Amino acid sequence: MTRYRTHTCGELRAEHVGTAVRIAGWVHRKRNFGHLLFLDLRDHHGLTQCVIETDRRDFAAVEALRVESVVAIDGRVRPRGDANVNAALPTGAIEVGIDGVELLSAAEVLPFQVNGTQDNIPEEQRLRYRFLDLRRDKLHRNIVLRSQVIASLRRRMIAQGFTEFQTPILTSSSPEGARDYLVPSRVHPGKFYALPQAPQQFKQLLMVSGFDRYFQIAPCFRDEDARADRSPGEFYQLDVEMSFVGQDDVFAAIEPVLHGVYQEFSDWAITPVPFPRITYDDAMVQYGSDKPDLRNPIQMADVTSIFAGAGFATFANAIAQGAVVRAIPAPGAASQPRSFFDKVGALGQSLGLAGVAHVVIDDGVRGGIAKMVTPEMRAALLAATGCSPGDAIFFVCTDPDRIAKPCGELRMHVGRTLGVVEAKAYRFCWIVDFPFYERDKETGAVAFSHNPFSMPQGGLEALETRDPLTLKAHQYDIVCNGVELSSGAIRNHRPDIMIRAFEIAGYTAQDVEQRFGGMLNAFRFGAPPHGGLAPGVDRMVMQLADEPNIREVIAFPMTQAAEDLLMNAPAPATEKQLAELHLCVVPPRDTKS
Numbered sequence: 052m053t054r055y056r057t058h059t060c061g062e063l064r065a066e067h068v069g070t071a072v073r074i075a076g077w078v079h080r081k082r083n084f085g086h087l088l089f090l091d092l093r094d095h096h097g098l099t100q101c102v103i104e105t106d107r108r109d110f111a112a113v114e115a116l117r118v119e120s121v122v123a124i125d126g127r128v129r130p131r132g133d134a135n136v137n138a139a140l141p142t143g144a145i146e147v148g149i150d151g152v153e154l155l156s157a158a159e160v161l162p163f164q165v166n167g168t169q170d171n172i173p174e175e176q177r178l179r180y181r182f183l184d185l186r187r188d189k190l191h192r193n194i195v196l197r198s199q200v201i202a203s204l205r206r207r208m209i210a211q212g213f214t215e216f217q218t219p220i221l222t223s224s225s226p227e228g229a230r231d232y233l234v235p236s237r238v239h240p241g242k243f244y245a246l247p248q249a250p251q252q253f254k255q256l257l258m259v260s261g262f263d264r265y266f267q268i269a270p271c272f273r274d275e276d277a278r279a280d281r282s283p284g285e286f287y288q289l290d291v292e293m294s295f296v297g298q299d300d301v302f303a304a305i306e307p308v309l310h311g312v313y314q315e316f317s318d319w320a321i322t323p324v325p326f327p328r329i330t331y332d333d334a335m336v337q338y339g340s341d342k343p344d345l346r347n348p349i350q351m352a353d354v355t356s357i358f359a360g361a362g363f364a365t366f367a368n369a370i371a372q373g374a375v376v377r378a379i380p381a382p383g384a385a386s387q388p389r390s391f392f393d394k395v396g397a398l399g400q401s402l403g404l405a406g407v408a409h410v411v412i413d414d415g416v417r418g419g420i421a422k423m424v425t426p427e428m429r430a431a432l433l434a435a436t437g438c439s440p441g442d443a444i445f446f447v448c449t450d451p452d453r454i455a456k457p458c459g460e461l462r463m464h465v466g467r468t469l470g471v472v473e474a475k476a477y478r479f480c481w482i483v484d485f486p487f488y489e490r491d492k493e494t495g496a497v498a499f500s501h502n503p504f505s506m507p508q509g510g511l512e513a514l515e516t517r518d519p520l521t522l523k524a525h526q527y528d529i530v531c532n533g534v535e536l537s538s539g540a541i542r543n544h545r546p547d548i549m550i551r552a553f554e555i556a557g558y559t560a561q562d563v564e565q566r567f568g569g570m571l572n573a574f575r576f577g578a579p580p581h582g583g584l585a586p587g588v589d590r591m592v593m594q595l596a597d598e599p600n601i602r603e604v605i606a607f608p609m610t611q612a613a614e615d616l617l618m619n620a621p622a623p624a625t626e627k628q629l630a631e632l633h634l635c636v637v638p639p640r641d642t643k644s
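This is how it looks when you write it as structure tokens:
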């Protein structure tokens with residue numbers, strides 16, 4: 052193969068017994084039994100057990116090797132013997148008797164162990180020595196999986212008739228919902244490029260240019276805080292755009308790709324194609340979230356009308372003041388102890404609710420607020436929630452603008468506690484009909500709810516004649532297991548509609564021309580109806596690897612504080628660099644004074 056090896060450490064099998072080989076890799080583990088020394092040698096492909104007797108010439112050299120040193124071993128393949136076969140290892144039926152060893156690179160004392168399954172290594176150490184962390188089996192497999200997933204996505208997109216393009220990294224700022232990373236220009240003092248939060252305008256311009264189906268494994272850059280499913284700084288997405296399509300066409304093109312990738316890399320149950328569609332309004336009522344986890348079968352219901360004017364004064368009075376009531380079914384919970392109901396109530400209070408009421412369903416109702424529920428109300432509640440005897444129902448009554456999130460968390464808590472949340476499954480859905488605008492909580496002004504380049508449902512006429520806060524967008528998200536994999540939309544390809552849409556959100560026509568003049572100008576020369584989306588690659592790999600944190604599927608992630616401990620970034624610029632860029636650094640203001 053090369054001068055360093057004739058075979059990899061994952062290649063040797065029983066048919067190689069008697070073959071003289073040379074293998075190379077890292078010393079994974081050593082075990083000294085006095086008369087024998089076993090050495091496990093590891094490379095990217097696998098692990099091979101090597102053995103040397105004490106009377107052999109190179110015994111002292113092998114014994115002196117530190118773990119994680121890089122060596123080449125010459126020897127002959129021999130069988131382990133039936134009693135010593137390791138069935139869990141692909142090379143477990145053989146071992147290599149060591150005839151010679153060459154030290155290629157000695158390792159110093161390790162900051163943490165690479166072998167084994169040590170899970171309590173401080174994250175700061177793991178990221179500072181990421182090259183060691185990446186040698187660990189689980190993380191190594193995750194990064195290989197990432198590569199395989201990307202290759203599969205690329206193959207499937209090309210098979211669907213898409214063409215891969217690359218778009219600029221140095222571009223202009225665009226309102227994508229997060230802070231930009233700015234790059235100062237040396238050639239144009241005082242001016243800045245922005246790293247793209249997404250290739251949004253460019254992929255639309257490609258459609259205007261006559262390319263029919265675009266895709267790209269696109270890097271995106273956003274200066275936003277880290278979460279378990281979001282890495283600070285940069286992330287990658289399967290960026291997609293299509294010409295002459297409506298929403299159904301986009302769904303039909305992307306569903307087989309996602310379904311196929313998840314099916315290829317997992318044996319979990321997967322939602323069959325076509326994926327279910329849930330309107331945004333229904334999702335907020337039934338699941339308390341616009342990214343519902345459908346592994347939990349519990350669906351909430353709006354039961355405001357059942358309690359309005361009824362005998363339960365606490366609810367009736369709140370409803371009269373504008374409150375709403377949600378019912379959260381608890382299937383089979385009639386047999387639960389009192390502590391179950393108390394814990395749900397305590398969780399509700401921790402989420403900012405004044406209280407969580409409940410009833411237990413049997414031949415009538417009992418427990419909680421049962422005395423306030425008439426037979427007619429019982430029948431209406433069963434019809435609204437789908438409950439039956441043996442179930443329980445929890446109730447939350449509060450303002451409509453703050454009821455969804457706590458109810459969603461209560462729904463998931465109830466589902467997990469009762470054991471009804473499906474395990475080992477990927478449950479997809481589309482969330483459709485998002486609001487086009489929303490009220491800015493800080494300023495009270497009308498603002499875009501999602502992508503400002505979405506086409507409003509009803510077009511220009513709707514913008515001119517309807518209350519903006521009632522408008523829906525041709526905007527959609529694809530969700531899997533409670534994680535938003537992607538937002539997408541049918542785009543606004545008409546300049547008159549775009550200018551009017553931005554005017555309602557507080558931008559003048561001049562603002563739109565200045566910020567999006569390139570795209571507007573292109574639209575004036577004939578733009579096809581088009582749309583697309585951009586599923587997150589990192590999040591897909593995170594799910595397929597069954598990892599709780601996105602940093603476990605990124606080779607070189609930053610910390611939650613957006614620092615690269617391995618490469619020491621961000622770092623101060625030199626005076627020379629600053630002078631070339633016509634910049635000076637101003638000390639941060641003291642925010643305490």
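Going by our numbering, the final residue of the sequence shown carries number 644, and the count climbs one at a time with no gaps. Cβ atoms here follow ideal geometry from the backbone N, Cα and C, with glycine treated the same way. Since we're looking at a predicted model, the values are computed, not measured.
Spatial neighbours of residue i within its chain, please: CB distance less than 7 Å, with the 5 preceding and 5 following residues excluded, ordered by chain position.
| i | result |
| --- | --- |
| D280 | V534, R590, M593, I601 |
| R197 | V592, V604 |
| A369 | C448 |
| V324 | E306, P307, H310 |
For residue i, report the span of its alpha helix (DSSP H) as first-last.
| i | result |
| --- | --- |
| K394 | 389-401 |
| V651 | There is no way to answer for residue 651, as the model of the chain reaches only from 52 to 644. |
| F216 | It is not in any alpha helix (DSSP H) - F216 carries neither H nor E in the DSSP assignment. |
| I605 | That residue, I605, is in no alpha helix (DSSP H); it is neither H nor E in DSSP. |
| H464 | 455-469 |
| R100 | The sequence shown places Gln at residue 100, not Arg. It is not in any alpha helix (DSSP H) - Q100 instead sits in the beta strand (DSSP E) that spans 97-104. |
| A432 | The question names Ala, but residue 432 in the sequence shown is Leu. 426-436 is the extent of the alpha helix (DSSP H) around L432. |
| Y488 | Note, Y488: premise wrong, no alpha helix (DSSP H); beta strand (DSSP E) at 488-490. |
Looking at the secondary structure, which residues open and close the beta strand (DSSP E) in which residue i lies?
| i | result |
| --- | --- |
| P235 | 233-235 |
| Y244 | 243-245 |
| R377 | 375-381 |
| C448 | 443-449 |
| P270 | 264-273 |
| Y287 | 284-294 |
| C635 | Segment: none, C635 is in no beta strand (DSSP E) and carries neither H nor E. |
| F89 | 87-94 |
| H581 | 581-584 |
Give the C-beta separation of residue i and residue j to the nearest angstrom, bearing in mind that I take them to be a contact with Cβ-Cβ under 8 Å.
| i | j | result |
| --- | --- | --- |
| A304 | M293 | 6 Å |
| V113 | I149 | 6 Å |
| L595 | Y338 | Actually they do not touch by this definition, with Cβ atoms about 23 Å apart. |
| G418 | V407 | Incorrect: roughly 13 Å between the Cβ atoms, too far for contact. |
| A157 | A123 | With 8 Å as the limit, A157 and A123 do not qualify as a contact, their Cβ atoms being about 13 Å apart. |
| Q248 | A269 | 11 Å between Cβ atoms; not a contact. |
| G151 | D170 | In fact, because the Cβ distance is near 37 Å, the residues do not count as touching under 8 Å. |
| P283 | A613 | 4 Å |
Using C-beta distances below 6 Å, list every residue in its chain close to residue i, excluding the 5 sequence neighbours before and after it, in chain order.
| i | result |
| --- | --- |
| D353 | V336 |
| A560 | I550 |
| D91 | H79, R80, L98, Q100 |
What does a CB cutoff of less than 8 Å around residue i pick up in its chain, not counting 5 residues either side in sequence?
| i | result |
| --- | --- |
| F295 | D263, P579, P580, H581 |
| I555 | Y488, V497, L514, P519 |
| S644 | A caution first: S644 carries a pLDDT of 48, below 50, which makes its placement in the model too unreliable to give a value. |
| G403 | R453, P457 |
| R129 | V68, G69, I145, E146, V147, G148 |
| G241 | H633 |
| R575 | P546 |
Using DSSP bridges, identify the partner residues of residue i.
| i | result |
| --- | --- |
| L154 | V122 |
| V72 | G126 |
| A249 | Paired residue(s): none; A249 is not in a bridge. |
| N532 | Partner(s): none; N532 has no beta bridge. |
| V410 | I444 |
| A144 | A144 is not bridged to any residue. |
| Y55 | For Y55, which the question treats as bridged, DSSP gives no partner whatsoever. |
| I420 | Answer is none; I420 lacks a bridge partner. |
| T330 | V483 |
| A160 | Here residue 160 turns out to be Val, not Ala, going by the sequence shown. Answer is none; V160 lacks a bridge partner. |
| A361 | Beta-bridge pairing links A361 to no other residue. |
| Y527 | V483, G539 |
| G587 | Q288 |
For the region 477-487 and the region 517-531, state whether three or more C-beta atom pairs, one from each stretch, are separated by less than 8 Å.
yes
At least three beta-carbon pairs within less than 8 Å, the region 416-423 to the region 490-501:
no
So does the region 109-128 actually touch the region 154-164, counting three or more Cβ pairs closer than 8 Å?
The region 109-128 vs the region 154-164: in contact.
For the region 378-396 against the region 430-445, do three or more pairs of beta-carbon atoms, one drawn from each stretch, fall closer than 8 Å, so that the two count as touching?
In this structure the region 378-396 lies against the region 430-445, because at least three pairs of beta carbons, one per stretch, are closer than 8 Å.
Quick one: any contact between the region 228-244 and the region 253-263, if contact means 3 or more CB pairs under 8 Å?
Contact fails: fewer than three Cβ-Cβ distances are below 8 Å.
Between the region 171-189 and the region 212-222, do three or more beta carbon pairs fall short of 8 Å?
no
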